[in-house]
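Engineer: One structure, pasted below without further comment.
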Amino acid sequence: MRSFVTVSRETEARLDAFAAHLRRWTRAKNLVGPDTLKNLWTRHIADSAQVVALMPEARRWVDLGAGAGFPGLVVASLVCGDLGSRVDLVESNGRKCAFLRSAARETGVPATVHCDRIERFATDWSGAADVVTARALAPLVKLLDLTAPLIQKGCVGVFHKGQDVERELTEASTYWTFAHELVSSRTPGGGALVIVRDCERKSA
Ligand SMILES: C[S@@+](CC[C@H](N)C(=O)[O-])C[C@H]1O[C@@H](n2cnc3c(N)ncnc32)[C@H](O)[C@@H]1O
Numbered sequence: 006m007r008s009f010v011t012v013s014r015e016t017e018a019r020l021d022a023f024a025a026h027l028r029r030w031t032r033a034k035n036l037v038g039p040d041t042l043k044n045l046w047t048r049h050i051a052d053s054a055q056v057v058a059l060m061p062e063a064r065r066w067v068d069l070g071a072g073a074g075f076p077g078l079v080v081a082s083l084v085c086g087d088l089g090s091r092v093d094l095v096e097s098n099g100r101k102c103a104f105l106r107s108a109a110r111e112t113g114v115p116a117t118v119h120c121d122r123i124e125r126f127a128t129d130w131s132g133a134a135d136v137v138t139a140r141a142l143a144p145l146v147k148l149l150d151l152t153a154p155l156i157q158k159g160c161v162g163v164f165h166k167g168q169d170v171e172r173e174l175t176e177a178s179t180y181w182t183f184a185h186e187l188v189s190s191r192t193p194g195g196g197a198l199v200i201v202r203d204c205e206r207k208s209a
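The sequence shown runs 6 to 209 under our numbering.
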């Protein structure tokens, strides 16, 4: 982690507490696979943290399909202390929601957990967001379906993608017109981040 992202001592302490909490929960409740723990700092924490550097002015974040907190809880650890910062985490798995709440309490970060289906959250939620994130959740075309209502209100989508990002962009452009930027991931694995600032569904 330290070689990929530079953070303050306080942030590093929060991330350490989050990592320790995740290891404890995984031992007791089998929350994430052994590969996740093995590569925790480089593949998951640093990979998650890079979205904050891309959106330094953002204060209100929404993370869809937060899982064990990537990137949402890592973002919350980094923006903690910035005036007005908050992260809304959406996750439908009850065990993961319990972990997310417990980890947010333990680390003292400004995160709210919505234990809900994204489809329902997206329809019901009346809050505002600067950035919506999703990592390892769905192909880009589906992410645009889910996040278009937010993006069309000015929220920026920042989506972690793997090596087949070009194929996902081509597929998405069949159904959507969207303004995007592609940023190479700073962490190993050859992935990329797709930043979407505007989108409109193409007429049939
Ligand atoms: C592959 S995991 C990725 C978790 C995390 N973002 C990461 O990068 O490690 C996808 C997560 O999204 C959640 N999820 C999938 N579809 C969902 C939906 N429609 N509503 C809410 N959560 C969903 C799953 O429960 C799971 O925890």
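Built from N, CA and C at the ideal position, the CB exists for glycine as well.
Fair warning: this is a prediction, and the values are worked out from it, not measured in the lab.
1. Compare the C-alpha of cysteine 160 against each of His185, Val146, Thr179 and Leu174 and name the closest.
2. What residue does the beta strand (DSSP E) around aspartate 68 start on, and which one ends it?
3. From arginine 14 to histidine 165, what distance separates their C-alpha atoms?
4. Between lysine 101 and ligand 1, is the CB less than 6 Å from at least one heavy atom?
5. Under 7 Å, Cβ to Cβ, is there at least one residue of chain B near histidine 26?
6. With isoleucine 214 as the anchor, note down where its beta strand (DSSP E) starts and where it stops.
7. For phenylalanine 23, name the three-state secondary structure that DSSP assigns.
8. Is aspartate 96 near ligand 1, going by C-beta to nearest heavy atom under 6 Å?
9. With a floor of 4 residues, list each alpha helix (DSSP H) that falls wholly inside the stretch 35 to 115, ordered by position along the chain.
10. In this structure, does DSSP put serine 190 in helix, strand or coil?
11. Starting from arginine 172, trace the beta strand (DSSP E) in both directions and tell me its first and last residue.
12. Count the other CB atoms, across all protein chains shown, that sit within 10 Å of the CB of threonine 138; report buried if there are 16 or more and exposed otherwise.
13. Is the closest heavy atom of ligand 1 to the C-beta of alanine 141 under 6 Å?
14. So what does DSSP say about glutamate 15, is it helix, strand or coil?
15. Name, in chain order, the residues that DSSP records as bridge partners for cysteine 120.
16. Indicate the three-state DSSP secondary structure (helix, strand or coil) for alanine 133 in the structure shown.
17. Please state if the CB of phenylalanine 75 and the CB of glycine 53 are separated by a distance shorter than 7 Å.
18. Restricting to Cα atoms, I'd like to know which of Ala58, Val80, Glu171 and Val114 is closest to valine 67.
Structural biologist: On the basis of the supplied data:
1. His185
2. 65 to 69
3. 26 Å
4. yes
5. In the structure shown, chain B cannot be found, because there is only a single protein chain.
6. Examination of residue 214 is not possible in this model, given that the chain is present from 6 through 209 alone.
7. helix
8. Note that residue 96 is glutamate in the sequence shown here, rather than aspartate. The answer is yes for glutamate 96.
9. 39 to 43, 51 to 59, 77 to 84 and 99 to 112
10. coil
11. Looking at the DSSP string, arginine 172 is not in any beta strand (DSSP E); the run it does join, the alpha helix (DSSP H), is 170 to 180.
12. buried
13. yes
14. helix
15. Glu96
16. coil
17. The amino acid at residue 53 is misidentified as glycine; the sequence shows serine. Yes, the pair counts as a contact, with Cβ atoms nearer than the cut-off.
18. Val80
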